[in-house]
Structures are given as C-alpha cells and as structure tokens.
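Participant: Let me give you the structure first, and then I'll get to my questions.
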Amino acid sequence: MSSSNVSASMPMISLFMISCLMAVASAGNFYQDFDITWGDRRAQILNGGQLLTLTLDKASGSGFQSKNEYLFGRIDIQIKLVSGNSAGTVTA
C-alpha cells in the first residue's frame, strides 16, 4: 500500500473510530430509559443502571417497558431456566 493510499484512508478510519466511541458513550441506562411495570421486588436495576434483572418464581414474574416508543429495537438477554423442569416458562 502506498503512502498516498494510507493517508487518503485516514479520514475514513478516524470517522469510524469517532462513530464507535459515540455509540459507546450513548449506551442506554435502565434508570433513565425504562420503567419496571410489575413484579414487586422481582425486577431490579443494578450496576448503576447498566443491568436489569427479572425474576420468575412460583407466584409471579416481572416486567419492564421503555419510556419511549420505537418502531424497531433490539435487546440481548440471558435466560437461566430451572434445570430439569422448565415446562410452562413463557418468554414473549
């Protein structure tokens, strides 16, 4: 790669890096962006608003909703089911 090609691609690389940093800086906060709608103490916001835990027990579950309306969205979750007997567990 010649030095002119490298120097020509530097603005693009810089723009990409700035975009990545802005995406990290604008990461959501559960305290600011969500309401716990039901579940008494089975729903908790932890780690300064960076983690939401929802618990399902024999009596009930828990829920949350966004304070804003969106046309599209994405959420990543990790579910830990009861070993050997998770029949009837509903995720929607």
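All letters in the sequence shown, in the order written, are residues -27 to -1, 1 to 65 by mature numbering (1 follows the signal peptide of the UniProt record, and there is no 0).
Note that beta-carbon positions come from the ideal geometry of N, C-alpha and C, so glycine has one too.
Helix or strand or just coil, what does DSSP make of G12?
Facilitator: Counted from its first residue, the sequence shown places residue 12 at position 39. It is coil, neither helix nor strand.
Participant: Bridge partners of T26, per DSSP?
Facilitator: Residue numbering aside, residue 26 sits at position 53 when the sequence shown is read from its first letter. According to DSSP, which records beta bridges pairwise, T26 is partnered with Q17.
Participant: Taking the continuous beta strand (DSSP E) assigned at F37, which residues delimit it?
Facilitator: Residue 37 sits at position 64 when you count from the first residue of the sequence shown. G36 to S39 is the span of the beta strand (DSSP E), which, as asked, contains F37.
Participant: Rounded to a whole number of angstroms, what is the C-alpha to C-alpha distance between N2 and G36?
Facilitator: Here residue 2 refers to the residue found at position 29 when the sequence shown is read from its first residue. Here residue 36 refers to the residue found at position 63 when the sequence shown is read from its first residue. Each residue's Cα considered, the two are about 16 angstroms apart.
Participant: Tell me where the alpha helix (DSSP H) around D49 begins and ends.
Facilitator: Start at 1 with the first residue of the sequence shown, and residue 49 comes out as number 76. Taken as a continuous stretch (DSSP letters only), D49 belongs to no alpha helix (DSSP H), as it is neither H nor E.
Participant: Quick one: what's got a C-beta closer than 6 angstroms to I9's C-beta in the same chain, skipping five residues either side?
Facilitator: As a first step, residue 9 must be located in the sequence shown, where it is residue number 36. Result list for I9: A16 and F37, in chain order.
Participant: Quick check: what's the CA-CA separation for L54 versus L44?
Facilitator: Residue mapping note: residue 54 aligns to position 81 of the sequence shown, counting from 1. Residue mapping note: residue 44 aligns to position 71 of the sequence shown, counting from 1. Their Cα atoms are separated by approximately 30 angstroms.
Participant: Whose CA, out of L29, K31, N41 and D49, lies closest to the CA of Q23?
Facilitator: Taking the first residue of the sequence shown as 1, we reach residue 23 at position 50. Nearest of L29, K31, N41 and D49 to Q23, Cα basis: D49.
Participant: Leaving out five residues on either side along the sequence, give the residues of the same chain with a beta carbon under 8 angstroms from the beta carbon of G12.
Facilitator: The residue given as residue 12 occupies position 39 in the sequence shown. Contacts found: L27, T28, S33, G34, S35 and G36.
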